[in-house]
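Some notes on the structure that comes next.
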Amino acid sequence: MLDKTMTDWQSQADQLKIEGRAFINGRYADALSGQTRPTNNPGNGRKLADVALCGIEDADLAVEGARAAFESGDWSRMAPMDRKMVLVRWAELIEKHADELALLETLDVGKPISDTTNVDVPATVRTIRWSGEAIDKVYDEIPPTPADTLALIQRLPLGVVAAIVPWNFPLSTTAWKLAPSLATGNSVILKPASNTPLSALFIAGLASEAGLPDGVLQVLPGPGGSLGRHLALHMDIDGLTFTGSTPVGKMLMEYSGQSNLKRTFLELGGKSPNIVFADSNLEKAAGMAAAAVFYNGGQTCTAGTRLIVEEKIQDKFLEMVSECAKSWMPGNPLDPATAMGPMIDAGQCKTVADYVDIGRGEGAEIIFGGSQVMQDSGGYYHEPSIFSGVDNAMRIAQEEIFGPVLSVLSFKTAEEAIRIANDSIYGLAGAVWSNNINTAHKVAEAVRVGTMGINNYFGGDITVPFGGFKQSGNGRDKSIHAFHDYTELKTTWIELM
Ligand code: NAP
1271 MLDKTMTDWQ
1281 SQADQLKIEG
1291 RAFINGRYAD
1301 ALSGQTRPTN
1311 NPGNGRKLAD
1321 VALCGIEDAD
1331 LAVEGARAAF
1341 ESGDWSRMAP
1351 MDRKMVLVRW
1361 AELIEKHADE
1371 LALLETLDVG
1381 KPISDTTNVD
1391 VPATVRTIRW
1401 SGEAIDKVYD
1411 EIPPTPADTL
1421 ALIQRLPLGV
1431 VAAIVPWNFP
1441 LSTTAWKLAP
1451 SLATGNSVIL
1461 KPASNTPLSA
1471 LFIAGLASEA
1481 GLPDGVLQVL
1491 PGPGGSLGRH
1501 LALHMDIDGL
1511 TFTGSTPVGK
1521 MLMEYSGQSN
1531 LKRTFLELGG
1541 KSPNIVFADS
1551 NLEKAAGMAA
1561 AAVFYNGGQT
1571 CTAGTRLIVE
1581 EKIQDKFLEM
1591 VSECAKSWMP
1601 GNPLDPATAM
1611 GPMIDAGQCK
1621 TVADYVDIGR
1631 GEGAEIIFGG
1641 SQVMQDSGGY
1651 YHEPSIFSGV
1661 DNAMRIAQEE
1671 IFGPVLSVLS
1681 FKTAEEAIRI
1691 ANDSIYGLAG
1701 AVWSNNINTA
1711 HKVAEAVRVG
1721 TMGINNYFGG
1731 DITVPFGGFK
1741 QSGNGRDKSI
1751 HAFHDYTELK
1761 TTWIELM
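Just so we're on the same page, our numbering is the position in the sequence shown counted from 1, plus 1270.
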């Protein structure tokens, strides 16, 4: 697949048939209102497809179908080993369509084709297959009660779950939500981000082909502020799983409280610290410091946007990181050599440019990049950009920019590095680089984040949980722990005669 050239991908793109209808009760269907909304290619700013604009009436229809599917027991009470077979078949079908799906994701999101082929699609396949494979190996519990009683502690599906996801990793985030929620027997209604609905619509049809009963998975594209809000307030939805920004996450908690206290799990924003000690492998640390913030154009919740460097190596290390930044200059996402594509839309590109101005105004110094580029393409490209002389109180050190902007800070002692790292409303991820295991472990333990790397960034796979401390959220995606978010604990107490 990677031996394809940009021309090959472009001609495949020209032939691509794109499904923009919603997926409701086992079929692709227009929105009941007949309304659509265009989705654009951020690589060139041109319209890619018209997509169903679902509203409240579509949501109600989907909830009715999801509830009927759940109550029928066809999926919710299916033997876990049979559910496993369906999910594994679904993963295989996605794998079979890997090229087409990777291309679709690149066109809709602007992700480099080398990322969608090597990361997003394989990760999606792995997540669905792993959850399917795991679900018939999880046992319930029998507690140590007195001899004349028997108690069962079971994990039962929540019922109908709504999943609302963002635009930065549409496919893999969707898989992180769907795989465990479906594996545990729920019926699920997914609302993709308005900017990036296509890959979720594509894989929904494959789920049906794999044998998922009608109504168990539905995909409704539409606006968060109306459709998403309606789902979050719905009295017949039992669970809500969300990935997105912290302000919207807070609203969802309120909607849950205002409606039926649906179980609400949030994966939110970040401003992750990447701490580099002088005794680390500086070459490796510099390469990863650049990748940590510029990968996916910085539109990554775990992006290492605060580089916290031991003062005595700061100048030398910044030169090394700046050198590495050169390999992240943006390019056409269909070119297999491109490492960084465009921002998702014109608004996000402007936000990044505004933060560059804000940083300059706060007194920090741009030492690399700082401008929008490739305007002739019609797309939304911004250079990788590095600020030095940043104080942690500045907005560019506190606020999530969600673009390729690195803020560099310095420290003298491990205690100071920990204090700076923890001085944030967020607690999603981070890393520490040191060849002294005592220092590295002490710092890793003290930094209050859900995932911490030692001498790596972005480490982890489907076997480990992922989620945030503090205002980065309260849920956990991935691993067996994700099953807990989609199930209720039920006790049955039996008196034996
Ligand atoms: P967002 O604005 O919060 O939107 C996320 C989703 O919520 C979209 O589907 C959006 O719909 C919907 N939405 C918006 N307002 C809503 C409302 N009032 N009620 C219900 N749903 C609503 O986030 P984004 O800009 O798409 O994504 C970027 C954010 O996601 C960043 O903060 C990033 O850190 C975070 N993120 C976190 C993780 C993690 O695992 N912790 C992973 C990836 C991204 P529309 O698209 O129609 O607006």
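Glycine residues also receive a C-beta, built at the ideal position from the N, C-alpha and C atoms.
Owing to the predicted nature of the structure, the values given are computational and were not obtained by experimental measurement.
Which residues bound the beta strand (DSSP E) around glutamine 1424? Translated into the one-based positions of the sequence shown, residue 1424 becomes position 154. For glutamine 1424, the uninterrupted beta strand (DSSP E) segment begins and ends at 1419-1427.
CA-to-CA distance, lysine 1582 to threonine 1397, given in whole angstroms: The residue given as residue 1397 occupies position 127 in the sequence shown. The residue given as residue 1582 occupies position 312 in the sequence shown. Roughly 42 Å separates the two Cα atoms.
CB alanine 1319 to CB isoleucine 1364, shorter than 9 Å? Start at 1 with the first residue of the sequence shown, and residue 1319 comes out as number 49. Start at 1 with the first residue of the sequence shown, and residue 1364 comes out as number 94. In this structure, isoleucine 1364 does not lie closer than 9 Å to alanine 1319 by Cβ.
Rounded to whole angstroms, what is the Cα-Cα separation between leucine 1577 and glutamate 1524? Along the sequence shown, one-based indexing puts residue 1577 at 307. Along the sequence shown, one-based indexing puts residue 1524 at 254. Approximately 34 Å, taken between the alpha carbons.
Cβ of serine 1550 within 9 Å of Cβ of asparagine 1725? Locating residue 1550 in the sequence shown gives position 280, where the first residue counts as 1. Locating residue 1725 in the sequence shown gives position 455, where the first residue counts as 1. Taking a C-beta distance under 9 Å as the contact criterion, serine 1550 and asparagine 1725 qualify as a contact pair.
Asparagine 1705 versus glutamate 1715 - alpha carbon distance: By one-based count along the sequence shown, residue 1705 stands at place 435. By one-based count along the sequence shown, residue 1715 stands at place 445. Cα to Cα, the separation comes out at about 16 Å.
For leucine 1374 and proline 1436, what's the separation of their Cα atoms in angstroms? Residue numbering aside, residue 1374 sits at position 104 when the sequence shown is read from its first letter. Residue numbering aside, residue 1436 sits at position 166 when the sequence shown is read from its first letter. Each residue's alpha carbon lies about 16 Å from the other.
Look up histidine 1652 in the DSSP assignment and say whether it is helix, strand or coil. Mapped onto the sequence shown, residue 1652 falls at position 382. In the three-state reduction of the DSSP assignment, histidine 1652 falls in the strand class, which pools E and B.
Residue from Gly1574, Ala1699, Gly1343 whose Cα sits closest to the Cα of glycine 1738: Position 468 of the sequence shown, counting from 1, holds the residue named residue 1738. Comparing Cα-Cα distances from glycine 1738 to each of Gly1574, Ala1699, Gly1343, the minimum goes to Ala1699.
Separation of valine 1389 from aspartate 1731, as counted between CA atoms: Reading the sequence shown from its first residue, position 461 is the one you call residue 1731. Reading the sequence shown from its first residue, position 119 is the one you call residue 1389. Taking the straight line from one Cα to the other gives about 12 Å.
Tell me where the beta strand (DSSP E) around alanine 1319 begins and ends. Against the sequence shown, residue 1319 aligns to sequence position 49. Start and end: 1316-1322.
Report the option in Asp1418, Ser1529, Asp1284 whose CA atom is closest to the CA atom of glutamate 1370. Locating residue 1370 in the sequence shown gives position 100, counting from the first residue. When Asp1418, Ser1529, Asp1284 are compared, the shortest CA-CA separation from glutamate 1370 is found for Asp1284.
Three-state class that DSSP yields for isoleucine 1383 in the structure shown: Translated into the one-based positions of the sequence shown, residue 1383 becomes position 113. Isoleucine 1383 carries a helical assignment under DSSP once its states are collapsed to helix, strand and coil.
Roughly how many whole angstroms lie between the Cα atoms of leucine 1468 and glutamate 1553? As a position in the sequence shown, residue 1468 is number 198, starting the count at 1. As a position in the sequence shown, residue 1553 is number 283, starting the count at 1. Going from the Cα of leucine 1468 to the Cα of glutamate 1553 covers about 39 Å.
Short check: CB of glycine 1325 to CB of serine 1496, under 9 Å? On the sequence shown, position 55 is the one that residue 1325 refers to. On the sequence shown, position 226 is the one that residue 1496 refers to. Yes, Cβ-Cβ distance for glycine 1325 and serine 1496 is below 9 Å.
Cβ-based burial, tryptophan 1345 [other Cβ within 10 Å; buried from 16]: As a position in the sequence shown, residue 1345 is number 75, starting the count at 1. Tryptophan 1345 is buried by the Cβ-count criterion.
Every unbroken beta strand (DSSP E) within the stretch 1596-1679, with a cutoff of 3 residues, ordered by chain: Runs found: 1635-1638, 1655-1658.
Between the beta-carbon of leucine 1452 and the beta-carbon of isoleucine 1434, is there less than 9 Å? Working through the sequence shown from its first residue, we reach residue 1452 at position 182. Working through the sequence shown from its first residue, we reach residue 1434 at position 164. In this structure, isoleucine 1434 does not lie closer than 9 Å to leucine 1452 by Cβ.
Say the cut is 8 Å; is the CB of glycine 1723 nearer than that to a heavy atom of ligand 1? The residue you call residue 1723 lines up with position 453 of the sequence shown. No, Cβ of glycine 1723 sits at least 8 Å from all heavy atoms of ligand 1.
Integer Cβ distance of phenylalanine 1753 from valine 1408, believed to fall under 8 Å: For the purposes of this step, residue 1753 is taken as the residue at position 483 of the sequence shown. For the purposes of this step, residue 1408 is taken as the residue at position 138 of the sequence shown. Contact holds; Cβ gap of about 7 Å.
Three-state secondary structure (DSSP) at leucine 1357? Against the sequence shown, residue 1357 aligns to sequence position 87. The answer is helix: DSSP assigns leucine 1357 an H, G or I state.
Should lysine 1354 be labelled buried (16 or more other beta-carbon atoms within 10 Å of its own) or exposed? As a first step, residue 1354 must be located in the sequence shown, where it is residue number 84. The residue is buried, with at least 16 neighbouring Cβ atoms inside 10 Å.
Between which two residues does the beta strand (DSSP E) harbouring threonine 1757 extend? Here residue 1757 is taken as the residue at index 487 of the sequence shown, counted from 1. From DSSP, the beta strand (DSSP E) with threonine 1757 extends over 1757-1765.
Integer Cβ distance of isoleucine 1695 from lysine 1748, believed to fall under 8 Å: Indexing the sequence shown from 1 puts residue 1695 at position 425. Indexing the sequence shown from 1 puts residue 1748 at position 478. Rounded, the Cβ-Cβ distance is 24 Å, inconsistent with contact.
Alanine 1463 Cβ short of 8 Å to ligand 1 heavy atom set: Walking along the sequence shown from the start, residue 1463 turns up at place 193. True, at least one ligand heavy atom lies under 8 Å from that Cβ.
Curious, which full-length alpha helix (DSSP H) runs of at least 4 residues does the stretch 1673-1751 contain? Counting only unbroken stretches of 4 or more residues, the alpha helix (DSSP H) elements lying wholly within the stretch 1673-1751 are 1684-1692, 1707-1716, in sequence order.
Does the contact criterion of 3 or more C-beta pairs under 8 Å hold for the stretch 1325-1339 versus the stretch 1290-1310? A contact between stretches requires three or more CB pairs, one per stretch, nearer than 8 Å, and the stretch 1325-1339 meets this requirement with the stretch 1290-1310.
Please list, in chain order, all residues of the same chain as serine 1515 whose beta carbon is under 8 Å from its beta carbon, the five residues on each side excluded. Start at 1 with the first residue of the sequence shown, and residue 1515 comes out as number 245. Contacts found: Pro1436, Leu1538, Gly1539, Glu1670.
Any heavy atom of ligand 1 closer than 8 Å to the Cβ of alanine 1502? Indexing the sequence shown from 1 puts residue 1502 at position 232. The nearest non-hydrogen atom of ligand 1 is less than 8 Å from the C-beta of alanine 1502.
Assign threonine 1443 to one of three DSSP states: helix, strand, or coil. Translated into positions along the sequence shown, residue 1443 becomes position 173. Note: threonine 1443 maps to helix in three-state DSSP.
Report the rounded CA-to-CA distance for aspartate 1624 versus threonine 1733, giving the unit in angstroms. Counted from its first residue, the sequence shown places residue 1624 at position 354. Counted from its first residue, the sequence shown places residue 1733 at position 463. Spanning the two alpha carbons is a distance of roughly 39 Å.
Using three-state DSSP, classify tyrosine 1409 as helix, strand or coil. The count along the sequence shown starts at 1 and reaches residue 1409 at position 139. Note: tyrosine 1409 maps to coil in three-state DSSP.
Among Trp1400, Glu1593, Pro1382, whose alpha-carbon lies nearest the alpha-carbon of asparagine 1438? Counted from its first residue, the sequence shown places residue 1438 at position 168. Selection Trp1400, Glu1593, Pro1382 evaluated against asparagine 1438 yields Pro1382 as nearest (Cα-Cα).
Other residues of its chain near arginine 1665: CB distance less than 6 Å, five sequence neighbours each side excluded: What you label residue 1665 is simply residue 395 of the sequence shown in a count that begins at 1. Hits under 6 Å: Ile1628.
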